[in-house]
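For reference, the structure discussed in these notes is given below.
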Amino acid sequence: MNVLIVDDNQAAADLLQELLSLQDHTARCTYSAQEALIAGAEEVFDVALIDITLPDLPGTEVARRLRASSRPPALLVAVTGLSSHDTLGSDPKLFDHHLQKPIDFDALDRILEQAVAKSSSSSSSSS
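Quick note: the sequence shown uses numbering that gives the first Met the number 0, first residue 0, plus one each step.
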């Protein structure tokens, strides 16, 4: 599973990257919206974990742009200390999942399992 982590809190992003690598996932950390959009153009990600409160662009805008890209992540996950209502804003379909900080790693594991299943079904239907 290839995971994009978007969080301006570098320590939190790096820790999440380490935990994902221990589970045999590949993760790329980006610490701003602009870095995330560049990464999304360079690589295909199965899951994007996007902090909603970024300094340069809101995480919701990052999600919109990633979703509209030619190679969008299979799942977009909002990661925030805000309520889900505040996170989703005017487009409740923007994110596939919502995780509160601090992240519940059991919930994250379930999301990653769903991404694996989604990836498997799309690759088997395209072959």
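Idealized CB from N, CA, C, for every residue including glycine. Treat the numbers as computed from the prediction; the structure is a model and nothing was measured.
Exercise for review: Please classify D50: does DSSP put it in a helix, a strand, or coil?
Suggested key: Note: D50 maps to strand in three-state DSSP.
Check your understanding: Alpha carbon to alpha carbon, what distance is there between A47 and V5?
Key -> Distance from the CA of V5 to the CA of A47, rounded to the nearest whole angstrom, comes to 7 angstroms.
Review point. Counting pairs of Cβ atoms below 8 angstroms between the region 98 to 107 and the region 57 to 65, do you hit three or more?
Key: They do not touch, by the three-pair rule.
**Study point:** Distance between L111 and Q99 (C-alpha atoms, nearest Å)
**Key:** Separation of Q99 and L111 (C-alpha to C-alpha, rounded to the nearest whole angstrom) is 16 angstroms.
Review point. Among residues of its own chain, excluding the 5 on either side of R70, which ones have a beta-carbon nearer than 6 angstroms to its beta-carbon?
Key: V43.
Check your understanding: CA-CA distance, M0 and V115?
Key -> Rounded to whole angstroms, M0 and V115 show a C-alpha spacing of 7 angstroms.
Exercise for review: Return the CA-CA distance between S119 and V2, expressed in angstroms with no decimal places.
Suggested key: Distance between the alpha carbons of S119 and V2: 16 angstroms.
Practice item. Indicate whether at least one CB of chain C lies closer than 8 angstroms to the CB of V46. Key: This model lacks chain C altogether; it includes just one protein chain.
Point to revise | Neighbourhood of L56 by C-beta distance below 6 angstroms, restricted to the same chain and skipping five residues each side | key: These residues qualify, in order along the chain: A32.
Check your understanding: Looking only at C-alpha atoms, which of S20, D50, A67 and L21 sits nearest to L81?
Key -> When only C-alpha atoms are compared, the closest one is D50.
Point to revise | R109, DSSP secondary structure in three states | key: Three-state result, R109: helix.
Check your understanding: Hey, out of H24, A38 and D23, whose CA is closest to Y30's CA?
Key -> Here the closest residue by C-alpha is A38.
Review point. Is the beta carbon of P72 less than 8 angstroms from the beta carbon of D90?
Key: Not in contact: P72 and D90 (Cβ atoms no closer than 8 angstroms).
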